[in-house]
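> First residue of the sequence shown? That's 4 in this note's numbering, and the numbers climb one at a time after it. The structure is given below, and queries will be raised subsequently.
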Amino acid sequence: MTVTLSLLPSTTPTLPASIRNTDTSSIISISQFPNNPRTLLLHQCKTLKDLTQIHAHLIKTRLLLNPRVAENLLESAAMSIPGSIAYALSMFCAIEEPNSAPYNIMIRAFTSKQTPQEALLLFKQMREDSVEPDKYTFSCILKSCSRLEALREGEQIHALVLKLGFAVHGFVQNTLIHMYASCGKVAIARRVFDEMPKRGVISWNSMFAGYTNGGEWEEVVKLFYKMRDSGVEFDEVTMISVLTACGRLGLLDLGEWMNAYIEVNRLKGNTKLITALIDMYAKCGQIDTARKLFDEMHEQDVVAWSAMISGYTQSDRCKDALALFSEMQMAKVEPNEVTMVSVLSSCAVLGAFEMGKWVHSFIKRKRMKLTVTLGTALMDFYAKCGSVKDSLEVFDKMPLKSVPSWTVLIQGLASNGRGKEALEIFSKMLNLNIKPNDITFIGVLSACSHAGLVDEGWRIFGSIRDYGIEPRIEHYGCMVDMLGRAGLIDEAYHFIKTMPIEPNAIIWRTLLASCRVHKNVEIGEESLKHLGILAPKHSGDYILLSSTYASVGRWEDAVRVRSQMREEGIKKTPGCTLIEVDGMIYEFFAEDSAHPQSEEIYNKVEDMIEQIKSVGYVPNTEEARLGAEEDEKESSVSHHSEKLAIAFGLLRTSPGTTIRISKNLRVCKDCHSATKMISKVFKREIVVRDRHRFHHFKDGSCSCNNFW
């Protein structure tokens, strides 16, 4: 890093007017100045006015000539009183030939006041003035290097520490460890740590912090076992680092050992520790245990609430996450950025558009900074609710954008049927010399797949290694999907057979899904053989092959596959559709009658079907429940979960309002054609998110152009 020197005053400043004009009768009553002035100056002196009065008294009584008194006054101005750093600097500059102590005070003050660059400048001035630093100087200035991630300066100071013989002091070594770890040089930090003749808990914690900041969770655990074997007592800071590592690695056994230790040592009242435990249990899949701990806390701060909400989100219990967020609001605990990111993620999963919009308005109202993390979460939420316009708007307003930000935008455009725009954004990203990562390429290849851009997809797939990225199984999966969607089933099959890495179940399932769409029974059967080995008893695979048989009229084979499922105890994943109305999430299943307004909803479905029939809709009974009698098939397709959700939306929302629904499975052909007609007859825009992509229905057409 480069530091630009701001010149310190070279002459002794004029005595401030506030001192020159001080009315001595108003000075804080000081009958006799105490032998230890620290108590008076640092504890009783609360405002700049107090400080100037005492300063005037010390000048008048010539007590300021006492170095200890002068240093305590300087420390009070520099560290204790808000907004007095400039005053402290003027006092410092008035000291004739200062030794290391005043320099140390000002270096520490600049570091703690978030201006560590000024601390480095002052240290440079100190060296130029030939003032000998002491062990406290090095501890303070190394903290400044840590804040600035100033590795070059830190290395120079390390050399000076060795030269002057201060490396024997434990707290100087601790700040060296912290400095190197903060600058990303964890291996050097570890070397300093290993060379220490005696290591206290602070040294160990500095090393834990370095590994934690670098995400080296396995090293955290290894170091903890070494610490335990060394007989060093660990503290709250140690345990928080280790519990965080346990959560990231899924080490439930060690996490539970920590929990037992906390209970035995009666540390359950420590909010930070319990929050770390909650986070560990949630990340290890023990979300109910995490909630029990949360409920038992005497006082839950924003970090605890955020940890629990995040735990629900990561455990795919998004409804619980939003319910807890509502409780947090009622408890009048102000959410922070971490809370908002988790809530937005849950809204994205559930398609809770109105709730997510409220969160966005809350962020604006509270003037929360649109950081890269928060902005990217907002973009992702809007994209996953089918509102690409809002996602683009957030992207444009973000002051800083990361590679994930660009990637989310590309993925959002791709899944919403705007593949060509996604490729334009990718080109813009490359033109700005922003290097894509492996996930970016998944998004770009997905865009080619959904838009049917086969040649472009091949070109981009061939360029992945140019960016130092080795194609992963996900990239190969995108290519299989692209070829399959385009009807190039034989080419997709050949591509799988010649892949340099072993195809997994997802690859074969992708091909099987394409076989169903394009009615290729032979390769569909071959795909299921491989799936039977890689992922036996997956209901979706059998349903796909059964549907493939049905699509070509081989009903006996279709029934045989369904019978095989029953014999082997394989249960079909039921189709489920979610819709948000008035801030509430409603769930519908095919032929569902659990809703309180069930009768009204089914009446609306009948009315809806009759109206769209009048403009040309013909039910596709191929999509009927297998085993349904001939006269029941039309009724069966009419009662698919998405049709029930749309009917509910028509009943409960105002005319002209956009209806947004999310389905856990792929939208069937009949629902797709019916929804196109519904959008035209009822003059509604309908946004449907299925497990693969978005469909924007408007005026009788769909954004996917019947390519899905």
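In this text, a Cβ means the ideal position worked out from N, Cα and C, and glycines have one as well. Because the structure is a prediction, the values reported are computed rather than measured.
Is there contact between the stretch 664-672 and the stretch 369-385, where contact requires at least three CB pairs shorter than 8 Å?
Output reads no: the stretch 369-385 does not touch the stretch 664-672.
> Straight-line CA distance for L647 to N339?
Each residue's Cα considered, the two are about 38 Å apart.
> Along the chain, where does the beta strand (DSSP E) containing L67 start, and where does it finish?
Per DSSP, L67 belongs to no beta strand (DSSP E) and is neither H nor E.
> How would you call V267, buried or exposed, if buried means at least 16 neighbouring beta carbons within 10 angstroms?
By the neighbour-count rule (16 or more Cβ atoms within 10 Å), V267 is not buried but exposed.
> Just list the beta strand (DSSP E) runs in the stretch 561-601, keeping only unbroken ones of 3 residues or longer that don't cross its boundaries, in chain order.
DSSP runs (the beta strand (DSSP E)) wholly in the stretch 561-601: 579-584, 587-592.
> Note down the Cα distance separating I664 from D610, rounded to an integer number of angstroms.
Approximately 20 Å between the Cα atoms of the pair.
> Using beta-carbon positions only, say whether S309 and S345 come within less than 8 Å of one another.
Their beta carbons are under 8 Å apart, which means S309 touches S345 by this criterion.
> Three-state secondary structure (DSSP) at V691?
DSSP places V691 in strand when its eight states are reduced to three.
> Assign Y90 to one of two classes, buried (16 or more other C-beta atoms within 10 Å of its C-beta) or exposed (fewer than that).
Buried: at least 16 other Cβ atoms inside 10 Å.
> Can you pull the DSSP bridge partners for K322?
BP columns for K322 are empty, so no partner.
> Counting only runs that start and end within the stretch 94-138, where is the beta strand (DSSP E) found for 3 or more residues in a row?
You should have found no qualifying run.
> Helix, strand or coil: how does DSSP classify I604 here?
Residue state, collapsed to three classes: helix.
> DSSP puts H699 in a beta bridge; with which residues?
For H699, which the question treats as bridged, DSSP gives the partners V690.
> As a quick exercise: from A677, A81, T215, K522, pick the residue whose alpha carbon is nearest that of V555.
Nearest option by C-alpha distance: K522.
> So what does DSSP say about S349, is it helix, strand or coil?
Helix, per DSSP.
> May I have a chain-ordered list of the alpha helix (DSSP H) segments no shorter than 4 residues that lie completely inside the stretch 355-399?
356-368, 375-387, all fully within the stretch 355-399.
> Would you be able to state if there are at least three C-beta pairs under 8 Å between the stretch 132-149 and the stretch 101-112?
The stretch 101-112 is in contact with the stretch 132-149.
> I615: which of Q567, A677, H643 sits nearest, CA to CA?
Taking only the C-alpha atoms, the option nearest I615 is A677.
> Per DSSP, what are the beta-bridge partners of K666 in this structure?
T580, per the DSSP bridge assignment.
> Based on Cα-Cα distance, which residue from E603, I413, F498, M199 lies nearest to Y654?
Checking the displayed sequence, the identity of residue 654 turns out to be Leu instead of Tyr. Of E603, I413, F498, M199, the residue nearest in Cα terms is E603.
> Taking the alpha helix (DSSP H) that F651 falls in, what are its first and last residues?
Residues 644-655.
> With burial defined as no fewer than 16 other Cβ atoms inside 10 Å of the residue's Cβ, what is the status of T316: buried or exposed?
Label assigned to T316: buried.
> Among G86, G415, K400, L325, whose alpha-carbon lies nearest the alpha-carbon of K49?
Among G86, G415, K400, L325, the Cα nearest to that of K49 is on G86.
> Considering only the beta carbon of each residue, do M343 and L373 sit closer than 8 Å?
Not closer than 8 Å, so no.
> Tell me the DSSP bridge mates of C705?
In DSSP, C705 forms a bridge with F700.
> Going by the beta-carbon positions, is the gap between R519 and S550 smaller than 8 Å?
Contact flag set, yes.
> With H698 and S706 assumed to form a contact (beta carbons below 8 Å), what rounded beta-carbon distance in angstroms separates them?
Confirmed, about 6 Å.
> Anyone know if the C-beta pair for S418 and R696 falls short of 8 Å?
For S418 and R696, yes; Cβs fall inside 8 Å.
> Quick one, are the C-beta atoms of V189 and G218 less than 8 Å apart?
Contact: no.
> Quick one, are the C-beta atoms of V195 and V235 less than 8 Å apart?
Against a cut-off of 8 Å, the Cβ pair of V235 and V195 comes out as no contact.
> Please name the residue, chosen from E613, E559, I649, that lies closest to Y589 on a Cα-to-Cα basis.
Answer by Cα proximity: I649.
> Given H181, which residues of its chain have a CB within under 8 Å of its CB, disregarding the five upstream and five downstream residues?
For H181, where only same-chain residues beyond five positions count, the Cβ hits under 8 Å are L145, K146, S149, A192, S209, A212, G213.
> Of the choices I281, L270, Q303, whose alpha-carbon is the least far from that of C249?
That would be I281, whose Cα lies nearest to the Cα of C249.
> For D238, name the three-state secondary structure that DSSP assigns.
Coil at D238, not helix or strand.
> Within a Cβ cutoff of 7 Å, which residues of the same chain sit near A170, ignoring the five residues on either side of it in sequence?
Here the set comprises V164, Q176.
> K666 and S644 - do their beta-carbons sit closer together than 8 Å?
Yes, Cβ-Cβ distance for S644 and K666 is below 8 Å.
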